[in-house]
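Input: a single structure, listed below in structure tokens.
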Amino acid sequence: MVSTATDEKLLIDVGSTYIKVCSPSTIEQHFRDFNKDILDDLIDKCGNAVNQFKPEDIHICSSANGGLSALIIGLSHNFSLRYATNIAFNSGINIIDTVLYQDIADYSVPSDRVDVVIIVGGIDSRNQAFSDKLFNYIDNLDYSNIVFAGGSKNAALLQQRIPRLVTLPNVIDNRLHIVEAHLREYLVNLYQQDIEGKEDIKNLYQITSNQIFSTPYIVNRALPQIGDRFAVASPFILLDIGGATTDIHYSKDLVEDNMVTENEYDRLVFKRLGVYRSRQSLVLAAQSNEFVYELLATLNVTENILSEHSERATKVLMQLAIFLVLCKMSHFRKAYINLKLLAINSIVLTGGITKVLTDEDIDLIIAFFYRKILNSEHRPTTILDLNYDIWTLGSQGETSCQ
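With the working numbering, letter number 348 in the sequence shown gets 335, and the count goes up by one each step, no holes.
Right, here's the structure in full:
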């Protein structure tokens, strides 16, 4: 029996493939029934636990909606695009492209609908930074939301020319420092609105009176406390590999080109590197990586495994997700950031991957990556969150499952 004391909480994480429920006495994990509404599925599996807590004592996070897509338009690479990209990534937003304003006429317009367009650039004292070429590009975009977080003297013109534009304080102050809070809050709230717009996730508000947060945000909040539960040697990175996304969390001292921000830890969410919901895009990413076929040979499988739907294929895809996300963070691939991967001492893995791979399965991938990509014999220790409960550390302050 779970106690209903007011200082006790029920923590729920709704993923794209698993539902996790953490009470003060136990943690449960259930594979989702995709033929049922999420709330109905949750109540069928964990109704006894849910019914013992008041709505104010139930805290929910979710990654089941897969996150939001963003297109960022900025005046410069070094400040506007770099700052806005940092804020967007660390708000759990998936960036499909960044557009340098001066070259905007040469950029193709995305064919898919964009959840949010972010326009940034210029310090507040700069006037008339944008012209018709911006408005012509935006007129051809298909988007749901658009926000301007640039020089204040340009806001009035953009508001006149762009319908439904949201205007926020600049992400760049007059000393060229990053200002995170306003854009980050807007993007986090946008994610919240997206959750509320998903009918089956929206139904979860029938059992909680608290805001539903994104799981990557909650996991990132847990990182300062992770040493209380695991023998993690800093600096470390955490990989959260699930059905819809692969997320990487890292401490700021691992970033080669660091910037002063409020967060001790940052995160990146790769919407197209999931094993179930975004399986096809993961396969395409693997097929385009020149080292994957050698890696498959190391795993004693052929490329035919990529077209199979079996337990063995799922296991290989999860191993490939580890390899591909490490490639994205290395000098092998030009990406948003490069991490000092030779400096890390631990790699922590959580998410659905913990139900499929063993330590040996993961160590094989880590060794291949360091040897083949970084030409190094360095081997960080790997730590599996076997109980899949790191998210509980960040879900409600000090409340967690033991």
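From the three backbone atoms N, C-alpha and C, an ideal C-beta is built for every residue, glycine too.
Reduced DSSP secondary structure (H/G/I, E/B, other) of residue i
i, result
"residue 278", "coil"
"residue 37", "helix"
"residue 334", "strand"
"residue 137", "coil"
"residue 19", "coil"
"residue 380", "helix"
"residue 61", "strand"
"residue 365", "coil"
"residue 257", "strand"
"residue 56", "strand"
"residue 385", "A caution first: residue 385 carries a pLDDT of 39, below 50, which makes its placement in the model unreliable, though a value can still be read off. Of the three classes helix, strand and coil, the one that applies to residue 385 here is coil, per DSSP."
"residue 96", "coil"
"residue 149", "coil"
"residue 5", "strand"
"residue 80", "strand"
"residue 340", "helix"
"residue 227", "strand"
"residue 301", "helix"
"residue 72", "helix"
"residue -8", "Unreliable placement is indicated for residue -8, whose pLDDT of 35 sits below 50; no coordinate value is reported for it."
"residue 285", "helix"
"residue 125", "helix"
Cβ separation of residue i and residue j, assumed to be a contact under 8 Å, to the nearest whole Å
i, j, result
"residue 134", "residue 121", "So it is not a contact: roughly 14 Å between Cβ atoms."
"residue 201", "residue 178", "5 Å"
"residue 117", "residue 145", "7 Å"
"residue 224", "residue 334", "6 Å"
"residue 380", "residue 209", "4 Å"
"residue 85", "residue 109", "Rounded, the Cβ-Cβ distance is 16 Å, inconsistent with contact."
"residue 196", "residue 367", "Their Cβ separation, rounded to whole angstroms, is 41 Å, which puts residue 196 and residue 367 out of contact at 8 Å."
"residue 255", "residue 307", "About 18 Å separates the two Cβ atoms, so there is no contact after all."
"residue 304", "residue 274", "Actually they do not touch by this definition, with Cβ atoms about 12 Å apart."
"residue 170", "residue 136", "5 Å"
"residue 75", "residue 82", "6 Å"
"residue 100", "residue 138", "That belief does not hold up - the Cβ atoms of residue 100 and residue 138 are roughly 28 Å apart, past 8 Å."
Residue from the options whose Cα sits closest to the Cα of residue i
i, options, result
"residue 278", "313, 297 and 301", "313"
"residue 332", "298, 220 and 109", "220"
"residue 452", "4, 192 and -1", "Since the first residue shown for the chain is -12 and the last is 389, residue 452 is missing from the structure and cannot be characterised."
"residue 329", "233, 151 and 363", "363"
"residue 212", "181, 251 and 196", "251"
"residue 79", "57, 114 and 142", "57"
"residue 65", "195, 159, 272 and 355", "159"
"residue 44", "92, 19 and -5", "-5"
"residue 324", "137, 149 and 241", "241"
"residue 126", "151, 138, 222 and 355", "151"
"residue 267", "286, 296, 91 and 138", "296"
"residue 77", "119, 257, 2 and 163", "257"
"residue 89", "32, 63 and 290", "63"
"residue 2", "136, 289, 234 and 239", "234"
"residue 167", "354, 69, 114 and 327", "69"
"residue 199", "382, 67 and 119", "382"
"residue 237", "326, 16, 180 and 298", "326"
Residues that DSSP places opposite residue i in a beta bridge
i, result
"residue 252", "238"
"residue 48", "0 and 200"
"residue 132", "103"
"residue 86", "60"
"residue 14", "9"
"residue 392", "The structure shown has nothing for residue 392, since the chain only spans -12 to 389."
"residue 326", "242"
"residue 159", "165"
Cutoff 8 Å: residue i Cβ touching any chain B Cβ
i, result
"residue 50", "As a matter of chain content, chain B is missing from the structure shown, which is built from one protein chain."
Does the count of Cβ pairs from the region 122 to 130 and the region 93 to 108 closer than 8 Å reach three? yes
Closer than 8 Å is the cut-off here; do at least three beta carbon pairs connect the region 273 to 286 with the region 352 to 369? yes
Is there contact here, the region 343 to 352 with the region 368 to 382, by at least three beta-carbon pairs under 8 Å? yes
Indicate whether the contact test is met: 3 or more Cβ pairs, each with one atom in the region 188 to 204 and one in the region 35 to 48, closer than 8 Å. yes
Are at least three pairs of beta-carbons, each pair with one atom in the region 3 to 14 and one in the region 29 to 38, less than 8 Å apart? yes
Answer yes if the region 209 to 229 comes into contact with the region 336 to 345, meaning at least three C-beta pairs across the two stretches below 8 Å, and no otherwise. yes
Sufficient close CB pairs (3 or more, under 8 Å) joining the region 207 to 219 to the region 373 to 382: yes
Please determine if the region 187 to 195 and the region 18 to 27 are in contact, where contact requires at least 3 C-beta pairs separated by less than 8 Å. yes
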